[in-house]
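To start, the structure under review is shown below, and the notes come after it.
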């Protein structure tokens, strides 16, 4: 099966964003280079995990390079807080994500693979390939984005702010509080007024 690759070697923009109101948001990762835009749907936790792992990778690059690679310190506020570029068209839903470092160009490489449902594959076709080895990903589409360490720090700040901008957590049960209130299991289902 051929894999469709959306490659962004020097994107103008790579951001996380949402569409919808808190509690009903759809999370996207979007890459833009010139007039080409690719938007993929991710889960909220995937955005958070991607930001956390990017931060670890950047810190490890700085440590291992002994300052040879220019990795800026973490930023508190992202420089790019603009909404997602239109049109926002879902190319695919992300399943597996990988992060790597390309020392030849001093860039972080992010690969986002489509989520392929094994039940969708036809049973008529015998599996002639050897058993899947470790590190192989079953996908029919992938987006490959290469960004600088400085841009990665900016992505991390935006992603963390995006995840934190959701519904507030209940101080008792830590479940999200909807705009119309919250039935808290720790308060035996008693609904308190918000204000």
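Residue numbers (the numbering used here): 19 to 213.
C-beta: ideal position from N, C-alpha, C; glycine also.
Inset, instruction - Count the C-beta pairs between the region 88-108 and the region 22-36 that are closer than 8 Å, then say yes if the count reaches three, no if not. - result: yes
Inset, instruction - Alpha carbon to alpha carbon, how far is residue 48 from residue 76? Give it in angstroms, no decimals. - result: 21 Å
Legend entry - According to DSSP, residues forming a beta bridge with residue 26: 163
Inset, instruction - Determine, using beta carbons only, whether residue 62 and residue 46 come nearer to each other than 9 Å. - result: no
Legend entry - For residue 55, the residue or residues it bridges with in DSSP: 50
Inset, instruction - Report buried or exposed for residue 192, applying the criterion of at least 16 other Cβ atoms within 10 angstroms of its Cβ. - result: exposed
Legend entry - Chain-order list of residues whose beta-carbon lies under 7 Å from that of residue 224 (same chain, five-residue window excluded): Past the boundaries of the shown model lies residue 224; the chain is included only from 19 to 213, so the question cannot be answered.
Legend entry - Bounding residues of the beta strand (DSSP E) (the contiguous stretch that carries residue 282): With the chain covering only 19 through 213, there is no way to say anything about residue 282.
Legend entry - Coarse secondary structure for residue 176, derived from DSSP in three states: helix
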